[in-house]
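Asks: Let me begin by handing over the structure; questions about it come next.
Residue numbers (this note's numbering): 27 to 234.
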């Protein structure tokens, strides 16, 4: 399990306070691998599914064991068709359990739903009431079209409505769990193909 997959040129931080409160480089890496693996417009995964609570310094070799420890739930990656409006609603759920109090983020119950995303960016207001926090969403650099059907890579747990993502159950299933690939395999293959990965926080998720 110590098999080497590749290296990270940038720091990766999988601590809960990083992956469950905002955009995280490791979240971007995982969401990018998911989106790439099923050729979707968007990738969305839950920060709470990233578990190692570890910091990888730039230049660290990533092993098979690292990925299996970070993603221990044996989830598979499914592909859904969802409207822009449904995606907006999913993001509202994702940011519903976190507050900004005295300049720092505090979570309430079940903060693991916080989304890590690929192929899209969004701005949210942590001071607004839960359910009305998303300010704007872009997919591929363009404003989210509420009626357009986008393809979304997500994990099976979320697709079944886990972490409050019940809206995902209303999507059309393009790749279901029976024909899906393990999330760990997809991330490993992505790192092997790249050799060196360099994910960074780049404005995919902005709190204003």
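Cβ coordinates follow ideal geometry from the N, Cα and C atoms, glycine included.
Taking 7 angstroms as the cut-off, decide whether the C-beta atoms of residue 288 and residue 216 are in contact.
Replies: Any question about residue 288 goes unanswered here, given that the chain covers just 27 to 234.
Asks: Is residue 40 buried or exposed, if buried means 16 or more other CB atoms sit within 10 Å of its CB?
Replies: That one is buried.
Asks: When you compare each of 213, 224, 144 to residue 96 by their alpha carbons, which one comes out closest?
Replies: Minimum Cα distance to residue 96 is reached at 213.
Asks: Do the segment 189–205 and the segment 137–156 make contact, defined as three or more Cβ pairs closer than 8 angstroms?
Replies: yes
Asks: Taking DSSP as the reference, what is the three-state secondary structure of residue 27?
Replies: Coil, per DSSP.
Asks: I want to see whether chain E comes within less than 7 angstroms of residue 201, judged by CB atoms only; does it?
Replies: Of the chains in the structure shown, none is chain E; there is only one protein chain.
Asks: Using CA coordinates, which residue listed in 47, 204, 231, 222 is at the minimum distance from residue 123?
Replies: 47
Asks: Going along the chain, which residues of its own chain have a beta-carbon closer than 6 angstroms to the beta-carbon of residue 131, five neighbours each way excluded?
Replies: 47, 124
Asks: Please confirm whether residue 38 and residue 52 have their CB atoms less than 7 angstroms apart.
Replies: yes
Asks: Are residue 222 and residue 33 touching if we call contact CB-CB under 7 angstroms?
Replies: For residue 222 and residue 33, yes; Cβs fall inside 7 angstroms.
Asks: What's the call for residue 199, buried or exposed, on a 16-neighbour Cβ count within 10 Å?
Replies: exposed
Asks: When the Cα of residue 71 is compared with those of 79, 89, 171, 49, which residue comes out closest?
Replies: Comparing Cα-Cα distances from residue 71 to each of 79, 89, 171, 49, the minimum goes to 49.
Asks: Going by the beta-carbon positions, is the gap between residue 61 and residue 157 smaller than 7 angstroms?
Replies: no
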